[in-house]
Amino acid sequence: MFDLFSDVYLWVKAFHIMAVMSWMAGLFYLPRLYVHHVERAETVDGMAPVFEMMETKLLRLIMNPAMIATWIAGLVLVLTPGIVDWSLIWPWTKAAAVLAMTWFHHWLGLRRKDLAAGRNTLTGRQYRMMNEVPTVLMVVIVLSVVVKF
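Start counting the sequence shown at 291; every next residue gets the next number (this note's numbering).
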């Protein structure tokens, strides 16, 4: 079975990169939607349902499938013989950052439910600050994989 992983390694790697790009696009965009939702939905009549629809579709149709595809392809890459040396630090820093990114994804999903239910407690400024989380995690992941420190 692991020999099969070696045979399809480049295809899985390409699929993994495409899935990560899709997931990251959503992780960057959803907090920005939340900023506009919080700051404009109350002042512009009829906008709250529009934001809720956009947020739900982004999360369910793009981000969730992209996250799942990222995880599946990533696990196949990790299980491919000779790719990861777990005695080094980089796989651990990447794994920690990916787990943090997954947590952030789920945190965003909970905020969507709060916004839809009228239970939001965060400001537009706080969502702007949270928009930086995926950037920091992306830097850690890319440096881990490329520099392999």
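From the three backbone atoms N, C-alpha and C, an ideal C-beta is built for every residue, glycine too.
As the structure is a computational prediction, the values presented were derived from the model and not from experiment.
CA nearest to the CA of residue i, picked from the options
| i | options | result |
| --- | --- | --- |
| Leu398 | Phe318, Lys384, Leu365, Trp361 | Phe318 |
| Leu367 | Leu427, Leu400, Ala304 | Ala304 |
| Ile362 | Met343, Ile307, Asp404, Leu400 | Ile307 |
| Leu365 | Tyr299, Met419, Val436, Pro424 | Tyr299 |
| Leu349 | Pro321, Glu329, Val328 | Pro321 |
| Val435 | Leu378, Lys347, Trp301 | Leu378 |
Beta-carbon proximity check, residue i vs residue j, cutoff 8 Å
| i | j | result |
| --- | --- | --- |
| Phe341 | Leu323 | yes |
| Leu427 | Ala385 | no |
| Thr413 | Met357 | no |
| Met353 | His396 | no |
| Lys438 | Trp376 | no |
| Tyr417 | Val310 | no |
| Val430 | Thr383 | yes |
Cβ neighbour criterion (16 or more within 10 Å) applied to residue i
| i | result |
| --- | --- |
| Glu422 | exposed |
| Trp313 | buried |
| Val328 | buried |
| Leu405 | buried |
| Glu345 | buried |
| Thr411 | exposed |
| Thr425 | exposed |
| Thr370 | buried |
Endpoints, the alpha helix (DSSP H) within which residue i is located
| i | result |
| --- | --- |
| Ala331 | Premise fails: Ala331 is in no alpha helix (DSSP H) and is neither H nor E. |
| Asp375 | Run containing Asp375: none; DSSP gives neither H nor E here. |
| Thr425 | 423–437 |
| Gly414 | 414–420 |
| Leu351 | Note, Leu351: premise wrong, no alpha helix (DSSP H); not H, not E. |
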